[in-house]
Structure formats: C-alpha cells, structure tokens
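Visitor:
Protein chains in written order, with this note's numbering: chain A, 509 to 650; chain B, 281 to 979.
1) If distances are taken between C-alpha atoms only, which option among 334(B), 333(B), 355(B) and 617(B) comes closest to residue 343(B)?
2) So that I know if they touch, is there some Cβ in chain B lying closer than 9 angstroms to that of residue 600(A)?
3) Which residues, in order along the segment 575-595 of chain A, keep a beta-carbon less than 9 angstroms from a beta-carbon of chain B?
4) Applying the 10 Å Cβ sphere with the 16-neighbour rule, what's the burial state of residue 959(B)?
5) Between the Cα of residue 565(B) and the Cα atoms of 411(B), 815(B), 948(B) and 424(B), which residue gives the shortest distance?
6) If you draw a straight line from the alpha carbon of residue 964(B) to that of residue 925(B), how long is it in whole angstroms?
7) My output table needs one value for residue 817(B): the three-state DSSP class, helix, strand or coil.
8) With distances taken from CA atoms, which of 748(B), 811(B), 810(B) and 847(B) is nearest residue 451(B)?
9) The segment 516-539 of chain A: which residues have C-beta closer than 8 angstroms to a C-beta of chain B, in chain order?
10) For residue 507(B), which three-state DSSP category applies?
11) How long is the line joining the alpha carbons of residue 871(B) and residue 954(B), rounded to whole angstroms?
12) Run through DSSP, which three-state label would residue 513(A) get?
13) Excluding the 5 residues flanking residue 292(B) on each side, which residues of the same chain have their C-beta closer than 7 angstroms to its C-beta?
14) Ignore the nearest five residues each way along the sequence and tell me which others in residue 804(B)'s own chain have a CB closer than 8 angstroms to its CB.
15) So, is the C-beta of residue 604(A) closer than 9 angstroms to a C-beta in chain B?
16) Look up residue 524(A) in the DSSP assignment and say whether it is helix, strand or coil.
17) Do the segment 845-856 of chain B and the segment 821-834 of chain B make contact, defined as three or more Cβ pairs closer than 8 angstroms?
18) Against residue 312(B), what residues of chain A qualify as contacts under a CB-to-CB distance less than 9 angstroms, listed in chain order?
19) Check the Cβ-Cβ distances between residue 669(B) and every residue of chain A, and say whether any is below 9 angstroms.
20) Taking C-alpha atoms, which residue in 663(B), 561(B) and 503(B) lies nearest to residue 389(B)?
21) Measuring straight from C-alpha to C-alpha, what distance separates residue 568(B) and residue 419(B)?
22) Quick test of the definition: if touching needs 3 or more C-beta pairs under 8 angstroms, does the segment 879-898 of chain B touch the segment 855-867 of chain B?
23) Short of 8 angstroms in beta carbon distance, which residues of its chain neighbour residue 873(B), apart from the five on each side in sequence? Order them along the chain.
24) Quick one: any contact between the segment 794-814 of chain B and the segment 756-770 of chain B, if contact means 3 or more CB pairs under 8 angstroms?
25) Could you tell me whether any Cβ in chain A is nearer than 9 angstroms to the Cβ of residue 363(B)?
26) Measure how close the beta-carbons of residue 501(B) and residue 475(B) come, nearest whole angstrom, since I'm counting them as under 8 angstroms.
27) May I ask which residues mark the beginning and end of the beta strand (DSSP E) holding residue 622(B)?
28) Beta-carbon within less than 8 angstroms of residue 791(B)'s beta-carbon, same chain only, minus the 5 sequence neighbours each way: which residues are those?
29) Name the DSSP beta bridge partners of residue 963(B), please?
30) Within its chain, find whatever has a CB closer than 8 angstroms to the CB of residue 725(B); leave out the 5 residues flanking it on each side and keep chain order.
31) Where does the unbroken alpha helix (DSSP H) through residue 317(B) begin, and where does it stop?
32) I want to verify the contact list: residues of chain A whose CB lies under 7 angstroms from the CB of residue 817(B), in sequence order.
33) When the Cα of residue 468(B) is compared with those of 957(B), 717(B), 572(B) and 855(B), which residue comes out closest?
34) Which class does residue 890(B) belong to by DSSP, given the choice of helix, strand or coil?
35) Compute the distance between the beta-carbons of residue 394(B) and residue 579(B), then report whether it is under 9 angstroms.
36) How many whole angstroms separate the CB atoms of residue 812(B) and residue 657(B), which I take to be in contact at a CB cut-off of 8 angstroms?
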C-alpha cells in the first residue's frame with residue numbers, strides 16, 4: 509500500500525533517527541509528504557499557550573536534527589511544534605487535520621516488571637488514530 | 281506516561297507570551313470534547329534559536345526577483361554557497377594546508393631572492409658573483425633568527441595580529457601602528473612582487489606573456505582574489521598543492537645538481553639571452569655588497585604571515601602555528617641554500633633584461649629544456665603567483681584586527697558569506713594591481729620598496745618582546761630575552777641596511793608613505809572615538825525621551841495619489857502640516873492652486889486645513905528653493921522639522937530612468953541637515969495602475 513502522508517511523532521529519544529529513516533524509505537516510492545511533529549506537554553497548572561523556552565529550544569533542536577537526517581536519507585521532513593496537555597491526543601488530532609494515512613511511532617526498547625514496556629502515548633495513538641498506525645520498536649540490543 | 285511526557289517536554293517555568301511577529305500560536309480544538317492543542321507556527325525564513333532568539337534560515341537569504349536569483353546563481357558559481365558562522369572551526373587550516381597557504385610567500389621567495397643578490401653584485405662585473413654564496417648564507421642566518429623570534433610571537437600572542445599585536449601591547453599604540461602600516465604596505469607589495477615574479481617566470485618561456493606582463497599580472501591578481509573570496513579553507517585547498525609540487529621539484533633539482541657537481545660531471549652552463557657583461561659599471565664596495573644583501577632579504581618577507589594568521593589554524597592554534605613556522609623556515613632554508621649553491625657552482629649569469637630568470641638558467645644547465653625544466657618553471661611560476669596568496673591571507677586579517685581596534689573602517693572586520701574578510705581582500709587586490717601597473721610589472725623596480733616594512737615589523741615586535749620579558753620576568757625570561765634581543769638587533773641592522781642601500785632606488789617611497797598611513801590610521805581612530813563618545817548611553821536608567829511634535833513639510837510636485845498618501849501620513853503624525861509646491865512658472869502655480877482648492881481632502885475632520893505654500897522658481901530649479909524654504913521654516917519655528925517625501929516606485933527598476941527621482945535627490949540633500957527627519961512614503965505602482973499597500977520608511 510502506498511502512503512501519501514506520513515506523520516512521524518518525535519519525542520527526542522534514541523529511536524527518532526531510525527523512525528525518520530524508515531519514514532523516508534516507506535514514503536519514497538509514492539513520494540509521500542512526511543510530517544515530523546514534536547508535542548510539548550504542558551502541565552495543568554500552566555496555561556496551554558504558555559511560552560516554555562527550554563522545551564521550545566529542545567523541540568526545535570530535535571526537529572531540526574530530524575529534518576537533517578531526513579535530508580541525508582534523501583527525503584524532506586516538514587516539521588511542526590505543538591503544545592498540548594497530552595501528546596497522544598494532539599498527535600491523533602494533527603494526523604486527522606493533516607489527513608495523514610499513516611502515523612509512524614517510534615518506541616525505545618525498555619522493560620518494566622519483566623515485560624517490554626509500551627508507553628501510554630503509543631498506546632493511545634494506536635487506539636485513537638483514524639488512520640493506520642505503525643509502531644517501530646528499537647532492537648533489544650540497542 | 282510520565283517518562284513519555286517528560287520527553288515531550290512537560291512544562292517547567294512559564295513566562296508570558298511575547299507576541300513576537302515571528303511566532304504565531306493558534307489554539308485548535310481536537311476531535312474529542314475538551315481536547316485542545318496549540319500550533320506554534322514560524323515563518324520558513326526564521327527558526328527559533330537558543331534562549332528565545334530567532335535565527336534566519338537559508339530561506340531568508342533567497343532572492344525574490346529573477347534578477348536577484350540570477351545574481352545569486354552567479355555568486356554561487358564564483359564564490360560557492362554561504363558558510364554559517366557555526367562552521368567557522370571546520371573552515372580552519374591544518375598544519376599541512378596552513379603551510380601551503382601561509383608559507384607560500386616565504387617559500388616562493390627562494391625562486392627570486394638569490395637572483396636579486398646576483399643582479400646587484402653583477403653591477404660590479406660578473407667576477408663579483410663569487411659573493412653570492414656568502415651573502416646567501418648570511419640571509420639564511422637572519423632567516424633562522426627571524427623564525428625563532430616568530431615562534432615567540434606566536435606563543436605570546438596566539439590571538440593573531442602578529443607583530444602589530446606585540447608592538448601595540450608592549451610598546452604602545454604608535455609603534456603598533458607603525459608595524460601595522462609597514463605590514464599593510466608590505467602585504468600589498470607581496471602581492472605585486474609575487475605576481476610580477478610569476479609572470480616573469482612564465483615570460484621566460486612564453487614571450488607574449490613577457491610583452492604584456494602588466495595585463496597578465498593584473499589578471500592573475502583578480503584570479504587570486506576570486507579564490508580567496510571563496511574562503512580560507514577552499515583557498516588553502518586550491519593553493520596548497522602547488523607549494524608541495526614546487527618543493528618536490530626544487531628538492532629534485534637540487535639533489536640532481538648536487539650529484540652532478542660532486543661527481544664532477546658538470547654540464548656546460550646555460551647562458552641567458554642577455555647576460556650581464558663581465559665588466560661592471562660600479563665598483564665592488566661594501567655599499568654594493570650590503571645592497572645585494574638587502575635585496576636578498578626580500579627572501580624573509582612572509583615569515584610573519586604565520587604569526588599574523590595563527591587564528592586561521594585549527595586548535596591548538598599556538599602549537600600548530602609554531603609547527604607551521606618551523607616547518608616553513610626549515611624547508612625554505614634548505615631550498616634557498618640548495619639553489620644558491622647550484623647558482624654559485626654553475627657560475628650562472630643573470631639576464632640584464634630580466635627575460636630569463638637565474639632559476640631557469642640553472643635548471644636548463646642541469647636538465648636541458650625537457651619535461652623536468654617545464655615542471656620546475658611552471659611550478660615556480662604557479663607558486664610565485666600563489667605567494668600573493670600570503671598577502672591575501674595576511675592583509676585582510678590584519679585589517680580586521682585594526683578595524684576591531686577602530687583604526688581602519690569597520691567594513692574591514694566584516695566577514696562575507698564564505699567567512700572571508702571580503703572587503704580587505706578586494707581592497708588589497710585593487711591596491712596591488714595599481715602598484716603593479718605603476719611599476720610596469722617589473723620585479724626589479726618593485727623589489728627596492730619591498731622588505732622595509734617587514735623588517736620594521738620584525739624589529740619593533742622583537743623589541744616589544746624584549747620589553748615584555750624584562751618587565752614581567754615570566755618563566756624562562758632570561759633565554760627568551762636573549763633570543764628576542766638577538767632578533768631585534770639582527771632585524772634592526774638589516775632594516776638599516778635595507779633602508780640606506782635601497783633609499784634612492786625607491787625605498788624612499790615607503791619611508792614617505794608609512795608616516796602618512798599611520799596618520800590616516802590615527803585619523804580614523806579619532807573619528808570612531810568621537811562617534812562613540814557622541815553615541816554612548818550615559819545613563820542606562822533614563823527613560824526614552826518623547827520628541828516634541830514636529831512641524832511636517834510635504835513637498836508636492838503634483839496633486840496625485842502619491843502626494844495624497846504622503847499628506848495623509850503627515851497629518852497622522854502631527855497637526856502642524858504644510859504642503860509646499862515649487863512651480864516653474866506663474867501659470868503652473870495658478871493651475872496647481874486651483875487644483876488644490878478643488879481638492880476637498882485638504883480639509884481635515886477636525887475642521888482644520890492643510891496649509892499650502894507655493895514657490896515660483898523662475899529658473900526652474902527645484903531643490904535649492906525647497907532647501908531654502910526648509911531653512912527659513914527652521915529659523916522661524918523652534919520645533920523639529922520632519923520632511924515627508926512622496927516617492928513613486930515603478931514596477932521595474934529600469935523604469936526608474938523614466939522618472940525624475942526628485943524625492944531621492946531631496947532625501948540625499950537633506951541627509952546631512954541637522955534637526956531634520958526625512959520620511960519616505962513610497963507609492964508602489966502595479967501593472968494595472970492600482971495602489972498597493974506599502975510600508976512607510978523613515979530615513
């Protein structure tokens with residue numbers, strides 16, 4: 509199946525470069541548009557549109573880095589920065605707004621209580637997104 | 281969720297939104313009730329940098345018009361893509377490339393310095409050429425002293441500026457500026473002499489080049505300028521290769537020649553087209569010998585280039601600088617000694633008309649006119665030309681240090697898109713081309729001007745270091761002071777010899793130019809100091825003063841949309857607005873007044889009316905009556921004057937020639953008028969003649 513619009517949520521984890529490269533390779537045959545999005549989660553004691561300098565700097569940096577990786581892999585990543593109370597809800601909404609046909613989520617390999625851990629954001633996007641969701645889990649050795 | 285939320289940047293400290301026009305925040309409602317998120321949208325021309333600052337992206341640099349895009353493409357082809365400031369470190373030079381860039385002048389001097397010695401000695405007859413070898417050895421000894429002194433300069437002042445920095449900090453501003461002036465002159469001469477010598481070397485085997493040497497010299501300067509405008513590293517990559525080819529060719533020639541000499545298989549010595557006669561025109565006296573030594577000391581120019589350009593080397597700059605300067609001295613010493621030895625052993629004669637170089641004669645003697653001959657000649661020519669690159673490395677950097685110290689125009693400290701000091705590079709190219717043309721492209725004519733500056737710099741820098749070690753008693757000061765004192769003495773003595781012996785042959789020009797240049801540097805500094813004093817904010821706590829409401833004058837040539845727009849703006853900033861019209865005849869004045877009176881827009885909403893003054897100019901002059909009118913208003917009214925100019929902007933730049941540009945000329949005329957603010961209200965014209973919204977510019 510050829511995807512035309514792929515959303516890549518980026519959290520700044522070690523898996524981000526792999527996910528961006530994967531998105532480029534999936535999107536290349538159909539010349540898909542790639543959207544990289546980072547969501548700054550705002551605590552409930554602050555207004556939703558509060559200016560959070562440190563988080564903005566971090567977000568800008570990781571988006572710029574992802575765009576560079578995409579360019580090196582031969583693709584183009586349009587980046588966007590969001591602020592929301594919950595990252596998952598914003599990812600689901602932006603995927604709907606952008607009419608994406610695939611959300612490509614990255615998961616760093618982590619274990620908790622003897623089981624491989626899947627974050628709540630991944631879980632909620634998986635359950636809530638209108639389109640296809642592909643979760644890429646990092647190799648155990650990494 | 282906790283760790284995921286943290287990675288997504290959960291809020292810490294908050295501050296109020298700053299409402300910057302470069303960041304738009306829109307709150308959107310999500311699909312589920314209660315879901316909201318904020319989109320942070322930035323224009324593509326800017327991205328957010330650290331600490332809430334904005335950084336202009338490549339998009340901001342993209343030209344908007346097709347002419348601009350064409351110009352940009354041409355610039356990219358000539359100079360390459362822009363390099364961002366954060367990549368400055370990767371643009372630095374390593375030791376190997378640094379040697380190729382910073383040492384070309386010094387190393388290439390070996391190609392002609394010994395010839396200059398021989399040309400002076402030959403004035404006393406070819407028999408006097410037996411002194412070539414002893415003078416060559418004396419030059420190598422001075423070179424050794426200079427090189428050791430330079431390592432001290434680099435270690436003490438790794439921040440660049442070389443001899444200028446040492447002299448300024450240790451001896452004071454005046455000695456510092458003397459050094460700076462000397463080096464600026466010398467770098468200019470380096471470019472001129474190197475290019476002339478390179479053209480001469482090519483002219484040795486391509487006659488048409490010799491016949492048009494000024495043209496070819498200027499063309500080569502332009503070419504090297506372009507290479508340098510591409511940035512230090514790229515220039516280094518272009519210019520380092522020929523240095524190593526030259527060194528290998530020279531070492532090969534020296535070894536081959538030495539083998540012939542020591543095995544007694546000396547081939548017959550080649551003769552240049554116009555050899556010096558065996559009988560001389562001057563007596564072989566001490567003055568002539570010293571003059572020959574002074575001419576050969578041209579070989580030492582460029583030895584200061586590494587100290588001056590240390591910041592262009594990779595970290596640790598000082599260590600790399602010292603390695604580079606030691607390598608340069610060693611390699612150069614070997615080549616100079618080898619060539620002097622070959623020239624002395626073969627009894628090669630210089631050419632009276634400079635048609636063939638001694639190097640060419642020596643090479644021809646050993647290898648004939650085969651492929652190796654051309655390799656030597658071409659590599660020498662290329663290196664001599666590229667030696668000019670040392671000037672292009674040193675001059676702009678020194679000029680930037682002087683500009684930072686406010687002794688040269690600030691433009692010299694500005695780095696272009698390729699991180700090169702573009703203004704300094706272009707200024708040097710122009711100056712060197714003028715010098716080259718003025719001296720007819722002759723190396724022999726240029727050489728007497730050369731070397732005074734560099735020895736002045738060496739002497740003052742070493743004297744400065746002597747003072748430093750003496751006053752500060754830093755670690756190892758005893759041996760350091762000994763080295764610097766020997767250096768100061770040796771270079772000072774050489775300076776005296778060079779200045780005395782070359783005075784009547786052209787050195788006087790440098791001796792006259794130098795104080796004038798120092799005065800100019802002082803004058804520039806005085807201007808910048810006065811400006812800084814005038815502009816300084818003495819009380820940072822003082823609130824911004826609200827200016828008095830001005831009297832606004834609006835020159836109106838014709839009552840059209842452009843004028844109406846300017847008048848509208850004028851009444852928005854002050855209630856005291858006067859329109860002024862300069863009429864070229866009584867009839868046109870009457871016509872304008874009747875149009876004005878028919879125009880109801882002159883009546884303001886509060887019942888007032890825009891005042892109109894009509895000036896008839898019987899000689900049809902526009903600017904002078906207007907300027908006098910502004911003067912008279914200013915005399916009678918204590919309020920500041922603001923002149924609002926209606927300016928019609930055509931759709932294409934070439935349509936400007938169809939309009940008189942009176943507003944432009946008036947703005948220029950009012951630029952230097954005190955107590956006057958000039959505001960330009962542009963009226964942009966589209967193809968269909970409709971008004972486009974345009975911002976108001978203040979001038």
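No residue lacks a Cβ here, since even glycine has one placed at the ideal position from N, Cα and C.
Guide: On the basis of the data shown:
1) The residue given as residue 343(B) occupies position 63 in the second chain. Comparing Cα positions, the closest option is 355(B).
2) Position 92 of the first chain holds residue 600(A). For residue 600(A), the answer is yes, since a Cβ of chain B falls inside 9 angstroms of its Cβ.
3) 588, 589, 590, 591, 592, 593, 594 and 595
4) The sequence position of residue 959(B) within the second chain is 679, counting from 1. Buried.
5) By one-based count along the second chain, residue 565(B) stands at place 285. Of the listed residues, the one whose Cα sits closest to residue 565(B) is 411(B).
6) In the second chain, counting from the first residue as 1, residue 964(B) sits at position 684. In the second chain, counting from the first residue as 1, residue 925(B) sits at position 645. Near 14 angstroms, if we compare the C-alpha coordinates of residue 925(B) and residue 964(B).
7) Stepping through the second chain from its first residue, residue 817(B) is reached at position 537. Correct three-state label for residue 817(B): coil.
8) Numbered from 1 along the second chain, position 171 holds the residue referred to as residue 451(B). Checked all of 748(B), 811(B), 810(B) and 847(B); the closest Cα to residue 451(B) is 748(B).
9) 519, 520 and 521
10) Start at 1 with the first residue of the second chain, and residue 507(B) comes out as number 227. Three-state result, residue 507(B): helix.
11) Reading the second chain from its first residue, position 591 is the one you call residue 871(B). Reading the second chain from its first residue, position 674 is the one you call residue 954(B). C-alpha separation (whole angstroms): 34 angstroms.
12) Counting from 1 along the first chain, the entry for residue 513(A) is found at position 5. DSSP places residue 513(A) within a strand segment (E or B) once states are collapsed to three.
13) Residue 292(B) sits at position 12 when you count from the first residue of the second chain. With a pLDDT of only 37 at residue 292(B), under 50, the local geometry of the prediction cannot be trusted, and the value read off the model is given with reservation. Take residue 292(B), set aside five residues on each side of it, and no residue of its chain has a beta-carbon closer than 7 angstroms to its own.
14) Counted from its first residue, the second chain places residue 804(B) at position 524. Around residue 804(B): 686, 687, 688 and 689.
15) Taking the first residue of the first chain as position 1, residue 604(A) is located at position 96. Residue 604(A) counts as touching chain B.
16) Locating residue 524(A) in the first chain gives position 16, where the first residue counts as 1. Collapsing the DSSP output to three states places residue 524(A) in a helix.
17) yes
18) Here residue 312(B) corresponds to residue number 32 of the second chain, with the count starting at 1. In chain order: 597, 600, 601 and 636.
19) As a position in the second chain, residue 669(B) is number 389, starting the count at 1. So, not an interface residue.
20) Looking up residue 389(B) in the second chain gives position 109. The shortest C-alpha separation from residue 389(B) is found at 663(B).
21) In the second chain, the residue the question calls residue 568(B) occupies position 288. In the second chain, the residue the question calls residue 419(B) occupies position 139. Roughly 16 angstroms between the two C-alpha positions.
22) yes
23) For the purposes of this step, residue 873(B) is taken as the residue at position 593 of the second chain. Counting only Cβ-Cβ distances below 8 angstroms, and skipping sequence neighbours, we find 892 and 894.
24) no
25) Sequence index remark: in the second chain, residue 363(B) carries index 83 (1-based). So, not an interface residue.
26) Locating residue 501(B) in the second chain gives position 221, where the first residue counts as 1. Locating residue 475(B) in the second chain gives position 195, where the first residue counts as 1. Right, their Cβ atoms sit about 5 angstroms apart.
27) Reading the second chain from its first residue, position 342 is the one you call residue 622(B). Counting along the chain, residue 622(B) falls outside any beta strand (DSSP E), though it belongs to the alpha helix (DSSP H) covering 597-626.
28) Taking the first residue of the second chain as 1, we reach residue 791(B) at position 511. Same-chain partners within the cutoff: 732, 779 and 783.
29) Stepping through the second chain from its first residue, residue 963(B) is reached at position 683. Note: residue 963(B) sits in a beta bridge opposite 928(B).
30) Sequence index remark: in the second chain, residue 725(B) carries index 445 (1-based). Cβ within range, chain order: 719 and 786.
31) Reading the second chain from its first residue, position 37 is the one you call residue 317(B). Careful: residue 317(B) lies outside any alpha helix (DSSP H), inside the beta strand (DSSP E) at 316-321.
32) Taking the second chain and counting its residues from 1, the one referred to as residue 817(B) is at position 537. Ordered by position in chain A, no residue passes the 7 angstroms Cβ test against residue 817(B), which lies about 27 angstroms from the chain.
33) Position 188 of the second chain, counted from the start, is the residue given in the question as residue 468(B). The shortest C-alpha separation from residue 468(B) is found at 717(B).
34) As a first step, residue 890(B) is located in the second chain; it is residue number 610 there, counting from the start. The answer is coil: DSSP assigns residue 890(B) none of H, G, I, E or B.
35) Position 114 of the second chain holds residue 394(B). Position 299 of the second chain holds residue 579(B). Yes; because the gap between Cβ atoms is below 9 angstroms, this pair is in contact.
36) What you label residue 812(B) is simply residue 532 of the second chain in a count that begins at 1. What you label residue 657(B) is simply residue 377 of the second chain in a count that begins at 1. Going by Cβ atoms, the distance from residue 812(B) to residue 657(B) rounds to 54 angstroms, so no, they are not a contact pair.
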